[in-house]
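Enquirer: Taking this note's numbering as reference, the numbering of the sequence shown is continuous, increasing by one, and the terminal residue is 623.
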Amino acid sequence: MCVGSCLGTSLITCLEMKIIGKLLLLVLSIGILYLGLSQINWSRIFEVDEKQEKLEKRLGKLVLDDLESSMSLIKNDSINRIVDSIFHPLLAKNGISRKGYKVLVLQDAQVNAFALPDKQIVLTTIINFLDSANYVSAILAHELAHCEKKHVMKSLITKFGLDLLLSGSGASNMTNFLTGQAFSRNLEREADEQAVVYLNKAKVNPHSLTHVMELFDVYLTGDLDLTWASTHPSPSDRKEYIEEKIGEIDLSMSFNSPIQQATWKRFKELVKAYDSEEDQD
């Protein structure tokens, strides 16, 4: 009786071991298969990245052309060089390639800044509204974050659908969306928080972004057309989570202005003189 019982128990144990062994082999096989598949560059195989890059370049040109049909680009080498000198430290200190990035200045009454497809960032007379190059750097850092995080294309695809974007129609609708409406609150917050990191690494005081929010909070109810503030979450809300983000990071040992004060003063004079010349024409 004992022998039969023991033999039965052994057979059950043997069967269980075989089942467990097969399960382990199956799990191992799945793991190896997953590891192998993860090493394959599926984006390259299906040319997803290349096609999206072509689409983004095409949309970038369409939107910029539409923008220029109603507003005037400032074509002044001195002004553009100073804008680049404010922007480039954000790229260099954060390990971001300059390739493809352009900052454009539009002569427009709206106090605004926005990102377009194909790594294009646009500033309007928001320059005249601000008191420091640090503040311009803070706004550029926010728009840079939108570009680096692919927020522009994500939002366009969500809003208009891929079919419409591929057709290339509705450029004016895309322009109005990018210049006059905010991204989702989550994307705006992500851009603000990333801007804090960019500023800190570029040795520009990240509290500059907070100060911009304070300025907008004061003037938002005034007569100025603060499009950049009115189409974003409220400045007071943004100020709160920006300060939280600043508190989470190790701040740089020293902060500097991206350009000298004399250059900033000259910059504002150049923009003001350009506006006056264009108005006379």
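Glycine is no exception: its CB is placed at the ideal position from the N, C-alpha and C atoms. Since we're looking at a predicted model, the values are computed, not measured.
(1) Can the beta-carbon of Glu398 be found closer than 7 Å to that of Asp460?
(2) So what does Phe456 bridge to, in DSSP terms?
(3) Helix, strand or coil, according to DSSP, for Ser420 in the structure here?
(4) Decide if Asp473 is buried, meaning its Cβ has at least 16 other Cβ atoms within 10 Å, or exposed.
(5) State yes or no: is the C-beta of Ser550 within less than 7 Å of the C-beta of Tyr477?
(6) Please classify Val538 as buried or exposed, where buried requires at least 16 neighbouring CB atoms within 10 angstroms.
(7) I'd like to check one pair, Ala455 with Leu333: are the Cβ atoms closer than 7 Å?
(8) What does Val447 pair with, by DSSP beta-bridge criteria?
(9) Applying the criterion that 16 or more other CB atoms from any shown protein chain within 10 Å of the CB defines a buried residue, is Lys614 buried or exposed?
(10) Does DSSP put Ser479 in a helix, in a strand, or in coil?
(11) Starting from Leu415, follow its DSSP beta bridges and name the residues at the other end.
(12) With the cut-off set at 7 Å, would you say Ser439 and Val546 are in Cβ contact?
(13) Please tell me whether Leu624 and Pro548 are closer than 7 Å, where the distance is taken between their beta carbons.
(14) Please list, in chain order, all residues of the same chain as Lys501 whose beta carbon is under 7 Å from its beta carbon, the five residues on each side excluded.
(15) Closest to Tyr583 by CA distance: which of Arg531, Thr605 and Trp606 is it?
(16) Enumerate in chain order the residues of its own chain whose CB-to-CB distance from Met555 is below 6 Å, with the five nearest sequence positions on each side excluded.
(17) So what does DSSP say about Phe502, is it helix, strand or coil?
(18) Confirm, please, whether the CB-CB distance from Val405 to Thr517 is below 7 Å.
(19) Grab me the residues of Phe388's own chain with a C-beta within less than 6 Å of its C-beta, minus the 5 sequence neighbours each way, in chain order.
(20) Just to confirm before moving on: does the CB-CB distance between Asp408 and Ala513 stay below 7 Å?
(21) Let me make sure I understand the geometry here. Which of Asn436, Pro431 and Ser497 has the alpha-carbon closest to that of Asn528?
(22) Measuring straight from C-alpha to C-alpha, what distance separates Leu508 and Gly402?
(23) For Ala457 versus Pro600, is the C-beta spacing smaller than 7 Å?
(24) Which runs of the alpha helix (DSSP H), 4 residues or longer, sit entirely within the segment 520-552?
(25) So, with DSSP's three-state summary, where would you put Pro600?
(26) In chain order, what residues of the same chain have a beta carbon less than 6 Å from the beta carbon of Phe471, not counting five sequence neighbours either side?
(27) For Ile374, count neighbouring C-beta atoms within 10 Å of its own C-beta (all shown protein chains included) and say buried if the count is 16 or more, exposed if not.
(28) Our contact map puts Leu612 next to Asn422 with C-beta atoms below 8 Å; I'd like the distance itself, whole angstroms only.
(29) Please go through the same chain and pick out, in chain order, the residues whose beta-carbon is closer than 6 Å to the beta-carbon of Ala533, but skip the five residues on each side of it.
Expert: Considering the structure as presented:
(1) yes
(2) Val464
(3) helix
(4) exposed
(5) yes
(6) buried
(7) No answer is possible for residue 333: the residues shown for the chain start at 343 and end at 623.
(8) Leu465
(9) exposed
(10) helix
(11) Leu448
(12) no
(13) The first residue shown for the chain is 343 and the last is 623, placing residue 624 beyond what the model contains.
(14) Phe519
(15) Arg531
(16) Pro577, Arg580 and Lys581
(17) helix
(18) yes
(19) Annotation note: pLDDT 40 at Phe388 (below 50); position unreliable, coordinate value reported separately. Excluding residues within five positions, none has a Cβ falling inside 6 Å.
(20) yes
(21) Ser497
(22) 13 Å
(23) no
(24) 527-543
(25) coil
(26) Val453
(27) exposed
(28) Going by Cβ atoms, the distance from Leu612 to Asn422 rounds to 10 Å, so no, they are not a contact pair.
(29) His484, Ala487 and His488
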